[in-house]
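Chains as they are written, first to last, in this note's numbering: chain A, 188 to 301; chain B, 32 to 141.
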């Protein structure tokens, strides 16, 4: 089975800190995604990537950036963390280039910004 | 634009049936359904492609009405293990992203 691994299950950071969330997938998938999950709002797309060094903005990219230097790794960066970025962050990957293929999710990182 | 799921939450007794709806304002190419248990990653249930097909997975099935831009997830004779939050995700033709609804929280009691 495809494994999507997020480096931390829980993180606590202070306002203004630079935060890195790491995601690694082991099935050579081209496509990787970062979602944010908040109660009542569902999963909202922050950024995605279809290839190494390639990135596209999702629906809520403000305050975030991403990095994809290697195919298996997709990092989400909070340049200066703020309290409104306290949330569950989910990474996902997908094998095919259309939406006939399913997403494989990591277990999530619960980030608290104090 | 997010699809709209209804209901937002539902509580059932074991063995009862449930229907979760997902509506979009855009013409759809595919609809995905995922289930997430508390503290776990969302897990894929099924994909429906335009053409009005219905798919099944054990006692969980779904339909996709392309003209109405709606999908429904049917849970028959619900089991305790069906508890969780269900998300639909929609994509239009050529879309680069999957847009999720706000989720439906399903609680199954003994």
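Idealized CB from N, CA, C, for every residue including glycine.
Here the structure is a predicted model, which is why all the values come from computation and not from measurement.
Legend entry - Per DSSP, cross-strand counterpart(s) of residue 63 of chain B: Sequence index remark: in the second chain, residue 63 of chain B carries index 32 (1-based). B/78 and B/120, per the DSSP bridge assignment.
Inset, instruction - With residue 240 of chain A as the anchor, note down where its beta strand (DSSP E) starts and where it stops. - result: Stepping through the first chain from its first residue, residue 240 of chain A is reached at position 53. No beta strand (DSSP E) contains residue 240 of chain A, which DSSP labels as neither H nor E.
Inset, instruction - Please go through the same chain and pick out, in chain order, the residues whose beta-carbon is closer than 6 Å to the beta-carbon of residue 288 of chain A, but skip the five residues on each side of it. - result: Position 101 of the first chain, counted from the start, is the residue given in the question as residue 288 of chain A. Only 281 and 282 meet the Cβ criterion.
Inset, instruction - Determine, using beta carbons only, whether residue 32 of chain B comes closer than 7 Å to chain A. - result: For the purposes of this step, residue 32 of chain B is identified with residue 1 of the second chain, where counting begins at 1. Chain A contact via Cβ: absent.
Legend entry - For residue 220 of chain A, the nearest candidate out of A/300, A/247 and A/204 (CA to CA): Counted from its first residue, the first chain places residue 220 of chain A at position 33. The option with the nearest alpha carbon to residue 220 of chain A is A/247.
Legend entry - Among A/250, A/197, A/266 and A/234, nearest to residue 206 of chain A - alpha-carbon criterion: Taking the first chain and counting its residues from 1, the one referred to as residue 206 of chain A is at position 19. For the residues A/250, A/197, A/266 and A/234, the minimum Cα distance to residue 206 of chain A belongs to A/266.
Inset, instruction - For the segment 208 to 222 of chain A and the segment 113 to 126 of chain B, state whether three or more C-beta atom pairs, one from each stretch, are separated by less than 8 Å. - result: no
Legend entry - Residue interval of the beta strand (DSSP E) (run including residue 252 of chain A): Within the first chain, numbered from 1, the residue matching residue 252 of chain A stands at position 65. Counting along the chain, the beta strand (DSSP E) containing residue 252 of chain A begins and ends at 251 to 257.
Legend entry - For residue 44 of chain B, the residue or residues it bridges with in DSSP: One-based indexing of the second chain puts residue 44 of chain B at position 13. Looking at the DSSP assignment, residue 44 of chain B forms a beta bridge with B/140.
Legend entry - Proximal chain B residues relative to residue 240 of chain A, where beta-carbon distance stays under 7 Å: Here residue 240 of chain A refers to the residue found at position 53 of the first chain. Simply none; closest approach about 17 Å.
Inset, instruction - Please confirm whether residue 294 of chain A and residue 72 of chain B have their CB atoms less than 7 Å apart. - result: Your numbering for residue 294 of chain A matches position 107 in the first chain. Your numbering for residue 72 of chain B matches position 41 in the second chain. Taking 7 Å as the Cβ cut-off, residue 294 of chain A and residue 72 of chain B qualify as a contacting pair.
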